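K.L.:
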Amino acid sequence: MPSLASLITSVALLAAVANAVPTHHCAPGTSFFACGHYAGCFTADPCVAPPVATPSSTVSSPVSSADPACPKVGDNIDVAPFAIHDIFPEHPSRARGPVNGVHLETFSNASQVEQVVVFSGIPASAKSCAIGWKQAARLDRVFVFRGSEGVTGIRPLSGFPAEGAAVTHDSIQPFDKAEAELGALDFANWDESSGASGHVGTTIDCSETMYFKFALRNAESETRVYLGQDDANGWVVSYSC
Numbered sequence: 046m047p048s049l050a051s052l053i054t055s056v057a058l059l060a061a062v063a064n065a066v067p068t069h070h071c072a073p074g075t076s077f078f079a080c081g082h083y084a085g086c087f088t089a090d091p092c093v094a095p096p097v098a099t100p101s102s103t104v105s106s107p108v109s110s111a112d113p114a115c116p117k118v119g120d121n122i123d124v125a126p127f128a129i130h131d132i133f134p135e136h137p138s139r140a141r142g143p144v145n146g147v148h149l150e151t152f153s154n155a156s157q158v159e160q161v162v163v164f165s166g167i168p169a170s171a172k173s174c175a176i177g178w179k180q181a182a183r184l185d186r187v188f189v190f191r192g193s194e195g196v197t198g199i200r201p202l203s204g205f206p207a208e209g210a211a212v213t214h215d216s217i218q219p220f221d222k223a224e225a226e227l228g229a230l231d232f233a234n235w236d237e238s239s240g241a242s243g244h245v246g247t248t249i250d251c252s253e254t255m256y257f258k259f260a261l262r263n264a265e266s267e268t269r270v271y272l273g274q275d276d277a278n279g280w281v282v283s284y285s286c
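Mapping of the sequence shown onto the working numbering: position 110 corresponds to residue 155, and the numbering continues sequentially without gaps.
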């Protein structure tokens with residue numbers, strides 16, 4: 046068992062060692078670091094070398110000028126409508142839409158149901174565009190034609206009512222100022238065709254967004270047209286680059 050004298054001696058030695066170790070008091074947010082010619086309180090470790098920036102290459106990678114939205118030469122791409130709205134000339138403040146199908150009607154010696162259609166997403170590099178409609182095989186479509194005449198006029202619109210505004214016969218009048226129609230399409234008796242067909246009305250100037258109005262030409266024909274809109278049926282703009 047150690048004697049009292051040896052215990053006192055050990056405690057004295059420990060105190061001496063503790064007093065020999067330097068202590069450093071750093072401000073909050075800093076720590077003491079010592080390396081090389083650094084010895085003091087720092088916010089970051091000065092002993093860690095910062096990363097060396099790698100010089101960037103002055104040679105840029107080649108950028109393809111091809112527009113990924115453009116088909117290869119000789120091919121066309123079909124664009125379905127962004128929005129379709131029914132308008133009613135005999136009820137000019139009435140709105141219905143967006144709807145999902147071609148719908149045109151004349152009765153009581155007047156054009157009763159017409160449509161305004163928005164196409165968007167045509168690339169700026171598109172060079173040749175056409176407006177028309179298409180139909181799938183008989184079992185892959187809902188297509189009704191009733192009447193004697195299906196000739197439908199195509200009018201360009203210079204714009205469209207603001208987002209959130211009702212799309213009506215009245216609200217499109219500021220944009221329906223073209224002097225003449227672009228052309229025409231004919232739906233008569235195509236509902237009886239068993240196969241798939243495409244129908245081009247006319248070629249048009251390409252634009253990234255386009256607006257059209259469609260109406261049966263003969264208001265006295267008592268005609269009704271309905272064709273469900275999907276990837277294989279309905280209004281379409283086709284383009285090539």
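Built from N, CA and C at the ideal position, the CB exists for glycine as well.
In this text the structure is predicted, and so the values were computed from the model without any measurement.
Measure the alpha-carbon distance for H214 versus A233 and round it to whole angstroms.
P.N.:
Here residue 214 refers to the residue found at position 169 when the sequence shown is read from its first residue. Here residue 233 refers to the residue found at position 188 when the sequence shown is read from its first residue. Approximately 25 Å, taken between the alpha carbons.
K.L.:
Assuming L261 is part of the beta strand (DSSP E), what are its boundary residues?
P.N.:
Locating residue 261 in the sequence shown gives position 216, where the first residue counts as 1. Element bounds for L261: 254-261.
K.L.:
Taking the continuous beta strand (DSSP E) assigned at D221, which residues delimit it?
P.N.:
Numbered from 1 along the sequence shown, position 176 holds the residue referred to as residue 221. It is not in any beta strand (DSSP E) - D221 carries neither H nor E in the DSSP assignment.
K.L.:
Take the Cβ of L272 as the centre, count every other Cβ of all protein chains shown within 10 Å, and call the residue buried at 16 or more, exposed below.
P.N.:
Position 227 of the sequence shown, counting from 1, holds the residue named residue 272. The residue is buried, with at least 16 neighbouring Cβ atoms inside 10 Å.
K.L.:
Taking only three categories from DSSP, how would you classify D185?
P.N.:
Translated into the one-based positions of the sequence shown, residue 185 becomes position 140. DSSP places D185 in helix when its eight states are reduced to three.
K.L.:
Output yes or no for whether 8 Å exceeds the beta carbon distance between V282 and V124.
P.N.:
Residue 282 sits at position 237 when you count from the first residue of the sequence shown. Residue 124 sits at position 79 when you count from the first residue of the sequence shown. Yes, Cβ-Cβ distance for V282 and V124 is below 8 Å.
K.L.:
Give every residue of the same chain whose Cβ lies closer than 7 Å to the Cβ of P143, excluding the five residues on either side of it in the sequence, and list them in chain order.
P.N.:
Here residue 143 is taken as the residue at index 98 of the sequence shown, counted from 1. Once the five neighbours on either side are set aside, the close Cβ partners of P143 are A128, I129, H130.
K.L.:
Give me the residue from I167, R269, S216 with the minimum Cα distance to Q148.
P.N.:
The sequence position of residue 148 within the sequence shown is 103, counting from 1. The residue you asked about is not Gln; residue 148 is His in the sequence shown. That would be R269, whose Cα lies nearest to the Cα of H148.
K.L.:
Going by DSSP, which residues form a beta bridge with Q160?
P.N.:
In the sequence shown, residue 160 corresponds to position 115, counting from 1. Answer is D131, F259, bridged to Q160.
K.L.:
Where does S150 sit, in a helix, a strand or coil, going by DSSP?
P.N.:
Translated into positions along the sequence shown, residue 150 becomes position 105. Just to set this straight, residue 150 is Glu in the shown sequence, not Ser. Here E150 sits in strand by DSSP.
K.L.:
Starting from the C-beta of C181, find all residues in its chain whose C-beta is less than 6 Å away, skip the five residues before and the five after it, and write them out in chain order.
P.N.:
Reading the sequence shown from its first residue, position 136 is the one you call residue 181. The identity of residue 181 in the sequence shown is Ala, whereas the question assumes Cys. These residues qualify, in order along the chain: A241, A277, N278.
K.L.:
Please report the straight-line C-alpha distance between I199 and S153, rounded to a whole angstrom.
P.N.:
Numbered from its first residue, the sequence shown carries residue 199 at position 154. Numbered from its first residue, the sequence shown carries residue 153 at position 108. Answer to the nearest angstrom: the Cα atoms are 22 Å apart.
K.L.:
Would you list the one or two residues that DSSP bridges to K179?
P.N.:
Taking the first residue of the sequence shown as position 1, residue 179 is located at position 134. Answer is G243, G279, bridged to K179.
K.L.:
Classify D236 as helix, strand or coil using the three-state DSSP reduction.
P.N.:
Here residue 236 corresponds to residue number 191 of the sequence shown, with the count starting at 1. If DSSP states are grouped into helix, strand and coil, D236 belongs with the helices.
K.L.:
Can you tell which of S285, A229, E237 has the C-alpha that lies nearest to the C-alpha of H244?
P.N.:
Taking the sequence shown and counting its residues from 1, the one referred to as residue 244 is at position 199. Measuring from the Cα of H244, the nearest candidate turns out to be A229.
K.L.:
Helix, strand or coil for P319 per DSSP?
P.N.:
There is simply no residue 319 to check, as the chain begins at 46 and stops at 286 in what is shown.
K.L.:
Assuming P168 contacts Q274 under a Cβ cut-off of 8 Å, what Cβ separation, rounded to an integer in Å, is found between them?
P.N.:
Within the sequence shown, the letter at position 123 stands for residue 168. Within the sequence shown, the letter at position 229 stands for residue 274. Actually they are not in contact, since the Cβ atoms of P168 and Q274 sit about 22 Å apart, beyond 8 Å.
K.L.:
Can you pull the DSSP bridge partners for G209?
P.N.:
Locating residue 209 in the sequence shown gives position 164, counting from the first residue. DSSP, once it has assigned bridges, lists no residue as partnering G209.
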